[in-house]
Amino acid sequence: KEYALVIHGGAGVISRDISDEVREGYLASLETAVRAGEEMLREGRSALDVVEAVVMILEDDPRFNAGVGAVYTSEAVHELDAAIMDGRDLNAGAVAGLRTVRNPISMARYIMEETPHVFFAGAGAEQLADQTSLERVDNTFFNTEIRRNQLDRALQRAAQQSGVPAGVHRGYAAAETTGHPTTPQTNSPGALHSTPSASGSGTFSEVIFLEEADRYG
Amino acid sequence: TVGAVALDRDGNLAAATSTGGMTNKMPGRVGDVPVIGAGTYADNRTAAISATGHGEKFIRNVVAYQIAAGIEFDGLTLQEAADRVINGKLDQGDGGIIAVDRFGTISMTFNSPGMFRGAIDSQGYFEVAIWE
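Keeping their order, the protein sequence lines are chains A and B. When you line the first sequence up against my numbering, it's residues 1 to 217, in that order. When you line the second sequence up against my numbering, it's residues 218 to 349, in that order.
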């Protein structure tokens with residue numbers, strides 16, 4: 001073969017009860033990304049350029065858990081991780097805990113190509129991003145209602161399972177970065193491991209990843 | 218999590234993965250699985266791989282590299298190497314991988330109920346799918 005491209009948008013418990021509209025929406029998003037990548041490959045662009053570009057498309061698509069549409073941490077913010085690797089020379093770049101770079105995959109590529117290092121995380125990654133021309137956004141840029149609802153349900157269920165009264169909070173000032181009121185947080189580590197829930201309603205706001213599935217991205 | 222792997226006209230491979238992690242995760246927890254070797258790997262001698270799933274499992278099993286190593290050191294095909302790890306070493310429901318080898322062979326292997334995925338190549342193959 002002269003070229004080939006494969007993509008994924010996450011795995012896990014995906015309800016078969018979703019509506020045709022929702023299913024077609026996901027398939028259309030996948031096709032858009034695949035077709036865009038194929039066009040680049042047909043034109044002779046490098047595999048590296050293509051995988052970055054395709055992942056950027058998926059990061060900007062709110063259907064998927066990356067970039068816009070990313071899930072929330074227990075502190076009601078988004079922490080984004082990305083990695084990229086070049087098969088020609090085993091060069092690689094990775095970043096973890098990004099909060100303000102619109103397309104984390106491009107930050108991973110920057111690390112790979114512009115630094116002698118492989119992996120940056122957290123505050124150091126944000127400081128490094130300050131030295132780039134990559135687009136920066138407020139953390140709320142990644143917000144979506146569906147993910148917020150998932151977090152609220154997870155917190156509610158975790159509080160029920162842990163027995164920790166709803167009034168016990170970490171007090172994290174999430175409102176500054178999310179635009180949402182500070183969310184009640186439990187202090188129980190066990191609260192982070194919830195059991196699978198029943199199937200969603202089949203509407204877009206209820207698709208698709210259930211709680212345990214959210215472990216799977 | 219999202220990911221992409223590609224073989225270009227020059228015979229080069231690349232892999233990329235990006236994620237928001239899991240809902241309600243502890244701040245600072247990394248996984249699901251843009252970690253080099255675990256969920257992202259590319260080597261022109263073997264394959265480009267991007268994973269999605271239970272990140273801790275993929276990290277402990279160094280999944281992406283194990284698949285590449287199966288090709289390089291054990292002489293497995295891409296699909297054999299992917300099956301050995303995804304269906305032989307991981308637990309059912311842990312997730313899956315997409316991969317392409319240096320010949321353009323495509324693998325989309327997962328042991329979870331579903332995986333959003335798509336593939337295309339220069340010979341006219343095209344697929345987008347969610348479930349088996």
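Note that beta-carbon positions come from the ideal geometry of N, C-alpha and C, so glycine has one too.
If you check the beta carbons only, do Ala268 of chain B and Val250 of chain B fall under 8 Å apart? In contact: Ala268 of chain B and Val250 of chain B (Cβ atoms closer than 8 Å).
Report task. Leaving out five residues on either side along the sequence, give the residues of the same chain with a beta carbon under 7 Å from the beta carbon of Leu295 of chain B. Result -> Correct list, in chain order: Ala264, Ile288, Ala316, Asp318, Thr322 and Ser324.
Legend entry - Rounded straight-line distance, which links the Cα of Val50 of chain A to that of Leu90 of chain A: Near 17 Å, if we compare the C-alpha coordinates of Val50 of chain A and Leu90 of chain A.
Here's the rule I'm using: 16 or more other beta-carbon atoms within 10 Å means buried, otherwise exposed. How should Thr140 of chain A be labelled? With fewer than 16 other Cβ atoms within 10 Å, it is exposed.
### Message
For Phe18 of chain A and Arg99 of chain A, I'd like the C-alpha separation in whole angstroms.
### Response
The residue you asked about is not Phe; residue 18 of chain A is Ile in the sequence shown. Approximately 31 Å between the Cα atoms of the pair.
With a threshold of 16 other CB atoms inside 10 Å of the CB of His271 of chain B, please say whether the residue is buried or exposed.
-> Answer is buried; the Cβ neighbour count reaches 16.
Length of the line joining the Cα atoms of Thr45 of chain A and Phe333 of chain B: The sequence given here places Arg at residue 45 of chain A; Thr does not occur at that position. Looking at the two C-alpha atoms, the distance is approximately 25 Å.
query = Less than 8 Å separating the beta-carbons of Phe142 of chain A and Ala70 of chain A?
reply = Yes. Within cutoff.
Practice prompt. Compare the C-beta of His80 of chain A with all C-beta atoms of chain B and state if any pair is closer than 8 Å.
Written response: The sequence given here has Leu at residue 80 of chain A, not His. At a cut-off of 8 Å between beta carbons, Leu80 of chain A contacts chain B.
Review point. What alpha helix (DSSP H) runs, 4 residues minimum, are completely inside the region 31 to 79 of chain A?
Key: Counting whole runs of 4 or more residues, the region 31 to 79 of chain A contains the alpha helix (DSSP H) stretches 47 to 59.
Label Gln340 of chain B either buried or exposed according to how many other C-beta atoms from any shown protein chain fall within 10 Å of its C-beta, with 16 as the threshold for buried.
Residue environment: Gln340 of chain B is assigned as exposed (fewer than 16 neighbouring CB atoms within 10 Å of its CB, all protein chains considered).
**Prompt:** Is Leu151 of chain A closer than 8 Å to Thr240 of chain B when the C-beta atoms are compared?
**Reply:** Result yes, Cβ atoms of Thr240 of chain B and Leu151 of chain A sit closer than 8 Å.
_Spatial distance of Leu134 of chain A from Ala94 of chain A (CA atoms)_ = So the two alpha carbons sit approximately 15 Å from each other.
_Please state the DSSP three-state secondary structure of Thr236 of chain B._
Thr236 of chain B falls in the strand class under three-state DSSP.
Exercise for review: Could you list the residues in the region 3 to 20 of chain A with a C-beta less than 7 Å from some C-beta on chain B, going in chain order?
Suggested key: Residues passing the 7 Å Cβ filter: Tyr3, Ala4, Leu5, Val6, Ile7, His8, Gly9, Gly10, Ala11, Gly12, Val13, Ile14 and Arg16.
* Run through DSSP, which three-state label would Val219 of chain B get? -> Judged by DSSP in its simplified three-state form, Val219 of chain B adopts strand.
Would Phe327 of chain B pass as an interface residue toward chain A - the criterion being a Cβ-Cβ separation below 8 Å? Yes, Phe327 of chain B counts as interfacial toward chain A.
- Taking buried to mean at least 16 other C-beta atoms within 10 Å of its own C-beta, is Pro189 of chain A buried or exposed? The predicted position of Pro189 of chain A is uncertain, since its pLDDT is 31 and thus under 50; a value taken from the coordinates is nonetheless stated next. So Pro189 of chain A counts as exposed.
On the DSSP bridge list, what partners appear for Asn91 of chain A?
Beta-bridge pairing links Asn91 of chain A to A:Asp86.
**OP:** Excluding the 5 residues preceding and the 5 following Gly331 of chain B in the sequence, name in chain order all residues of the same chain whose CB lies nearer than 6 Å to its CB.
**Re:** Around Gly331 of chain B: Ile347 and Trp348.
task: Return the chain-ordered list of same chain residues with a C-beta closer than 7 Å to the C-beta of Gln127 of chain A, the five sequence neighbours on each side being excluded.
output: Taken in chain order, the list of residues that qualify is empty.
Where Tyr258 of chain B meets chain A, residues with beta-carbon distance less than 8 Å:
Contact annotation for Tyr258 of chain B against chain A: Met85 [CB-CB distance below 8 Å, chain order].
Rounding to the nearest angstrom, what Cα-Cα distance links Leu230 of chain B and Asp311 of chain B in this structure?
Between Leu230 of chain B and Asp311 of chain B, the C-alpha separation is close to 25 Å.
Next item on the list: Within the same chain, show all residues whose beta-carbon is closer than 6 Å to that of Asp81 of chain A, passing over the 5 residues directly before and after it, in chain order.
Entry: So the list reads Ala96, once near-sequence residues are dropped.
Taking any Cβ of chain A, which residues in the region 221 to 237 of chain B have a Cβ under 8 Å from it, in chain order?
Here the close residues are Ala221, Val222, Ala223, Leu224, Asp225, Arg226, Asp227, Asn229, Leu230, Ala231, Ala232, Ala233, Thr234, Ser235, Thr236 and Gly237.
- prompt: With a cut-off of 8 Å, does the C-beta of Asn306 of chain B fall near any C-beta of chain A?
  reply: Position check: residue 306 of chain B holds Lys in this sequence, whereas Asn was assumed. No, Lys306 of chain B does not count as interfacial toward chain A.
Alpha helix (DSSP H) segment containing Asp152 of chain A, residue limits: Counted as a single uninterrupted DSSP element, the alpha helix (DSSP H) harbouring Asp152 of chain A occupies residues Glu145 to Ser162.
Taking Cβ positions, are Gly256 of chain B and Ala281 of chain B nearer each other than 8 Å? Their beta carbons are under 8 Å apart, which means Gly256 of chain B touches Ala281 of chain B by this criterion.
Is it right to say Thr218 of chain B is buried, meaning 16 or more other beta carbons lie within 10 angstroms of its own, or is it exposed? The residue is buried, with at least 16 neighbouring Cβ atoms inside 10 Å.
Review point. Does at least one heavy atom of the ligand SAH sit under 7 Å from the Cβ of Ala232 of chain B?
Key: Ligands in the displayed structure: none, and consequently the ligand SAH is not present.
Q) Should Phe290 of chain B be flagged as near chain A, meaning a C-beta pair shorter than 8 Å? A) Closer than 8 Å: no.
Give me, in chain order, the residues of the same chain whose beta-carbon lies closer than 6 Å to that of Val302 of chain B; leave out the 5 immediate sequence neighbours on both sides.
Contacts found: Val280, Gln283 and Ile284.
Do you know offhand how far Gly10 of chain A's Cα is from Gly238 of chain B's? Across the structure, Gly10 of chain A and Gly238 of chain B are spaced so that their CA atoms are roughly 11 Å apart.
request  = Please list, in chain order, all residues of the same chain as Ala108 of chain A whose beta carbon is under 8 Å from its beta carbon, the five residues on each side excluded.
outcome  = Counting only Cβ-Cβ distances below 8 Å, and skipping sequence neighbours, we find Ala82, Ala83, Ile84, Gly93, Ala94 and Val95.
Rounded to whole angstroms, what is the Cα-Cα separation between Met40 of chain A and Asn103 of chain A? Distance between the alpha carbons of Met40 of chain A and Asn103 of chain A: 19 Å.
| From the beta carbon of Ala70 of chain A, is the nearest beta carbon of chain B less than 8 Å away? | Output row for Ala70 of chain A: interface = yes.
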